[in-house]
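Since the structure comes first, as C-alpha cells, the remarks are kept for the end.
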Amino acid sequence: MNPLIKFTTVMVIALELTFIKSVTLNVIVIGVSAFLYLFLKLHWRQWLWLFILPLLPGLGSWFSLMYFGTGDHEHMAWIMLSRVFAYLWLGGLFTLKLNDERDVFLATLEQKAKLSATFVYALVGVLNFMPAVSQEMKTIRVASQMRGQTLHIWQPQLYFKAILAAIRWSQNLAEGMVSHGFTEGAARTHLQVVTIKRRDWFLLIIILIAFQLLLLPNWY
Amino acid sequence: MTDLVVDHVNFAYRETPVLTDISLKLRPNSFNLLVGPSGSGKSTLLKLLSGLYPTFSDGTLTGKLTLGGYDIHDIVPYQRVTHIGYLFQNPTRQFVMRTPFEELRFSLENLQVRPEDIEKRITDAMKSVGMTAFMHHDLLNLSGGEKQKVALATVLAADSDYLLLDEPFANVDPVARLQLIDVIKAYQSQGKTILITDHDWSGYTDAIDDIFVMTDGRLHNTSSEERQQILAKLPNQPTIHTSLPNEKEGIITLESVTLKNGKRTLLSATTRLLPKEKRILITGPNGVGKSTLLSALVKLYPYGGTITYQQEDIAKRKIAKHVQDIALVFQNAEQQFVAMTVQEELTQAQALSHSPELWSDDTIVTVLTQLNLHDLRDHIVYQLSGGQQKKLQVLLMLIIGTPTLLFDEPLAGLDSASQQHLLDIIADFTTRQHQTVIMISHQLHAVTDWFDYHLKFDNQQLNYIGGAS
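Chain order of the listed sequences is P and L.
In this text, residue positions in the first sequence follow the working numbering: the first is 625, and each later residue adds one.
In this text, residue positions in the second sequence follow the working numbering: the first is 18, and each later residue adds one.
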C-alpha cells in the first residue's frame, strides 16, 4: 500500500476515534492493528515499545478519571485508556514501517500531494542529518568538560549550543541544495514517477466504509 | 560558450574588506589556476562566481559578476548550475542526500534533465571518477577522498560550461589525486573552462593556461615570466628545526595504535611516545588523519591498540576525568565557549584554573591587550570574528591550564602578527604551567624554531623527523 494512502486511512480513523466514546471500538482497532503487526514481522523491541509507550499516558488518564472524575467517569476512564492504546497502535502501522518507505512517502508527498519540493527536500536533508546530531551533542559536552564545566542534559546551555550547530547545518543544507541547482518553486523532473495503484484507493475506501459500519451498533 | 566576467568587484563583511577591486575574465576552454595564501579571499571569489554569495553570507557586494551579460546572482539556480559548476572545499558541506546515487539524481532532477537520461548520466559521471561500486553506499561512511570524488561526479554530471574547484585535492590521497586530475583534464578537453584554487600544482603544471594570484583580497593576473616563476617553484616548505626525542618515557604512549575512517586505514599499527613538557608539531597532508589522531587521544574517536596517559590506559579512564588532564583546543572555536560574553568566559576560566595564582586580573589584561581583545570584553563571543574567537579560545584553554593541550590548527586564518603574538603567549604560559603541547599546523613559516619535536603523519605512518639532538 502506498504510504500516503496508509497515512490518510490511519489519520481518518484516528480522527473519528477522538469523537467516539466506545471501549469496544477502541479494542477492535487495537486488535486489528495487532493482527496486521503479525504480518509486519516486528522486532521484539518494537513490540515492547508498543506496550510501554501508551502505558504512562493511558494509566495517567485512567487513574485521574477513575478516582477524581464525575458523571460517567468509569466508562470514560476505560475509554481513555483504550483510546491511547488505539492511537498508538494505529499510528504504529504507519510509522514503524516509515524507515523503509520513507523515500516513497516523500516522493508521493511531492508528486501526488503537490507539497512544495522545498519542504519535502528540507525534510529529506534533516532526516539525513539525524545520525550526526548525537555525535555533535557528544562533542559539545566534551568540549565544555575540557573547560572544566559539565553540561548536563537538563542544562539549557547544552541546547543553546545544539541549536547554534543546527543553524549552521541548516545553512549548509540550503547552500548545498542551491549548489545542486535546486530552485524554489521551479519545475523538476522525476526519475521515478510515483503511481498510486487503483487497488490502494479501493482498499482505502473499503477500510473506511467498514469502519463506518462498525459505528452503527451501540457498543459499550 | 557564454563569457564569465568579473568587473570591479568589492566584497566586505561589515567593515572588513575581503575582496578589493577584482576584475577577471576567463578565456573559453582554458585551465586557470588561482593561487594565494590561505585567508586571502580565494574561496570567497569562487563562491561569488558560483552565485552562492552574497546570498549565503552576510557580506556586501559591489561591482558586477556576469555570465553572458546577465548578473550571475539573478540567474535562477537550475539554469545557473548548467553554466557554472562549483565544488566545495569541504565536500561534506555539499551533500544533501544519503547516497551518491540519490545525490546525483537530486541534482539532475533539479536541472530538469529528462528522466530517461538521468540514469545514464549518473552512471557515466560515477564511472569517470571510479566510484560506481559506491553508488548506493551511505555517504557518511565514505572517506574524505571518496566524498570528494562523489562531489566531483555531481558537478561533472551537471555538465556545466565552467567548473570552479576549491582545493579539490585537499582530502585526496596522491593516487586518487592523479586520477582526479586526469578526469578534470578530460572534462576540459570537451571545451569546458576550469578555474581551480590549489596550493600544490604538481601533476598538472602542463595543463595550466593562466595563473591568477590573490594577495590580501587583491587579484593579479600574471605575466608569462611570473607564470614560469610560480610554476617552477613548487610551494616552498620552510625548514623546521627540531631534534629527535631521546626520552625513554612519554606522557602519552601509543602502542600498536591503528586508526580507520570507514574502511580506509589512516594509521597502521604504530608505537610512539610523546615526551612530557615538550612542544610537539604534527604535520602531514590533508585528510591523513591528524585531527582524527587528536580526537582519539581525548576519546572522541575509536582506535585500535592501546593509548596510555601517564602509564594509564585511557580506555579505562572516564572521559570527564580524562579531559581534565588532556584537552583539545577544537578547530571550531565556538564549540568550546560556555558563556555569553568575553568577560563571562574569562571569569569562568579563572575560577576553574589549575594555577589561579598565575592568572591574576592584571595578567589577563596584559594578555588581552597583546591579543587585541581588550576592548571586546563586553562583546558576545558568538559575534566575534573567526580570528578573535580563535585567540579567545586559546587564551581560555591556557587559563584552565590543563596539563596536556592539543591544538588543532590554532593559527589557521590568523594574520602573521596575530600568529606570532599567540605563539609567544602559548610558549610563555605553557612553560610556566609545565604543560605539554601537541599541535597540528600548516602555518610552518611562523613556527620554524618553536617546537622541540616534529611528528610527520604520512602514508599511514607517524614518525619523528629532525636532526639528532
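Even glycine gets a Cβ: it sits at the ideal position worked out from N, Cα and C.
Just the C-alpha distance for residue i and residue j, rounded to the nearest angstrom, thanks.
i: L:Ser-308; j: P:Thr-763; result: 14 Å
i: P:Ala-746; j: P:His-697; result: 45 Å
i: L:Leu-50; j: L:Lys-42; result: 13 Å
i: L:Met-357; j: L:Ile-336; result: 25 Å
i: L:Val-315; j: L:His-339; result: 7 Å
i: L:Leu-431; j: L:Gly-147; result: 38 Å
i: L:Arg-194; j: L:Leu-317; result: 29 Å
i: P:Lys-665; j: P:Leu-712; result: 17 Å
i: P:Leu-710; j: L:Ile-101; result: The displayed chain sequence assigns Ala, not Leu, to residue 710 of chain P. Distance between the alpha carbons of P:Ala-710 and L:Ile-101 is about 54 Å.
i: L:Ala-344; j: L:Leu-422; result: 5 Å
i: L:Val-52; j: L:Asp-24; result: 19 Å
i: L:Lys-473; j: L:Ile-268; result: 19 Å
i: L:Phe-118; j: P:Thr-742; result: 20 Å
i: P:Trp-702; j: P:Gly-716; result: 21 Å
i: L:Pro-373; j: L:Leu-415; result: 11 Å
i: L:Thr-256; j: L:Ser-285; result: 27 Å
i: L:Ala-512; j: L:Leu-461; result: Outside the displayed span of chain L (18 to 486) sits residue 512 of chain L, for which this structure offers no information.
i: L:Lys-209; j: L:Gly-321; result: 46 Å
i: P:Trp-793; j: L:Ile-324; result: 33 Å
i: P:Trp-668; j: P:Glu-640; result: 30 Å
i: L:Phe-48; j: L:Tyr-221; result: 10 Å
i: P:Gln-781; j: L:Val-355; result: 7 Å
i: L:Pro-302; j: L:Leu-428; result: 17 Å
Report yes or no: is there a C-beta of chain L within less than 9 Å of the C-beta of residue i?
i: P:His-776; result: no
i: P:Gln-626; result: The amino acid occupying residue 626 of chain P in the given sequence is Asn; Gln does not appear at that position. No, P:Asn-626 lies away from the interface with chain L (no Cβ there is under 9 Å from its Cβ).
i: P:Ser-859; result: There is simply no residue 859 of chain P to check, as chain P begins at 625 and stops at 844 in what is shown.
i: P:Phe-643; result: no
i: P:Glu-799; result: yes
i: P:Leu-815; result: yes
i: P:Ile-787; result: no
i: P:Leu-838; result: no
i: P:Gln-735; result: no
i: P:Lys-762; result: yes
i: P:Val-818; result: no
i: P:Tyr-661; result: no
Is there a Cβ from chain P that is less than 9 Å from the Cβ of residue i?
i: L:Gln-400; result: no
i: L:Asn-127; result: yes
i: L:Ile-135; result: yes
i: L:Val-200; result: no
i: L:Met-152; result: no
i: L:Gly-484; result: no
i: L:Glu-163; result: no
i: L:Glu-351; result: yes
i: L:Gln-478; result: no
i: L:Ile-336; result: yes
i: L:Ala-366; result: yes
i: L:Glu-120; result: yes
i: L:Val-146; result: no
On the CB-based measure, 16 or more other CB atoms within 10 Å of its CB, does residue i come out buried or exposed?
i: L:Ile-89; result: buried
i: L:Met-114; result: buried
i: L:His-471; result: buried
i: P:Gln-836; result: exposed
i: P:Gly-684; result: exposed
i: P:Met-635; result: exposed
i: L:Phe-123; result: buried
i: P:Met-754; result: exposed
i: L:Trp-467; result: buried
i: L:Ser-145; result: buried
i: P:Trp-778; result: exposed
i: L:Ser-486; result: Note that L:Ser-486 scores 48 on pLDDT, short of 50, meaning its location in the model is unreliable; the coordinates nonetheless yield the value given after this. L:Ser-486 comes out exposed.
Cβ of residue i versus every heavy atom of the ligand HEM: is any distance shorter than 8 Å?
i: L:Leu-236; result: Ligands are entirely absent from the displayed structure, and the ligand HEM is therefore not among its contents.
Name the chain A residues that come within less than 7 Å of residue i, Cβ to Cβ?
i: L:Ser-124; result: This model lacks chain A altogether, as its protein chains are P and L.
Exercise for review: Tell me the start and end of each unbroken beta strand (DSSP E) in the segment 686-730 of chain P that is at least 3 residues and wholly inside, in chain order.
Suggested key: For the segment 686-730 of chain P, not one full-length beta strand (DSSP E) segment reaches 3 residues or more.
**Study point:** Whole alpha helix (DSSP H) elements within the segment 123-199 of chain L, 4-residue minimum
**Key:** 132-145, 161-175
Exercise for review: Indicate whether the contact test is met: 3 or more Cβ pairs, each with one atom in the segment 741-758 of chain P and one in the segment 790-798 of chain P, closer than 8 Å.
Suggested key: yes
Exercise for review: Would you check if the segment 765-774 of chain P and the segment 359-370 of chain L touch, i.e. whether three or more CB-CB distances between them fall below 8 Å?
Suggested key: yes
Check your understanding: Using 8 Å as the threshold, is the segment 241-248 of chain L in touch with the segment 71-91 of chain L, meaning 3 or more CB pairs across them?
Key -> no
**Study point:** At least 3 beta-carbon pairs within less than 8 Å: the segment 176-187 of chain L vs the segment 144-153 of chain L
**Key:** no
Practice item. Could you pull out every unbroken alpha helix (DSSP H) segment of at least 4 residues lying fully inside the segment 719-807 of chain P, listed in chain order? Key: 722-735, 741-769, 780-803
Practice item. With a floor of 4 residues, list each alpha helix (DSSP H) that falls wholly inside the segment 216-258 of chain L, ordered by position along the chain. Key: Runs found: 241-249.
Point to revise | Contact the segment 228-239 of chain L vs the segment 27-47 of chain L: 3+ CB pairs below 8 Å | key: Taking a contact to require three or more Cβ pairs closer than 8 Å, the segment 228-239 of chain L and the segment 27-47 of chain L qualify as touching.
Review point. Should the segment 257-264 of chain L be called in touch with the segment 289-301 of chain L, which here means at least 3 C-beta pairs below 8 Å?
Key: yes
Practice item. Only counting runs of 4 or more residues, tell me where the alpha helix (DSSP H) segments fall wholly within the segment 435-482 of chain L, in order along the chain. Key: none
**Study point:** Secondary structure, alpha helix (DSSP H): runs of 4+ residues fully inside the segment 367-448 of chain L
**Key:** 378-387, 403-417
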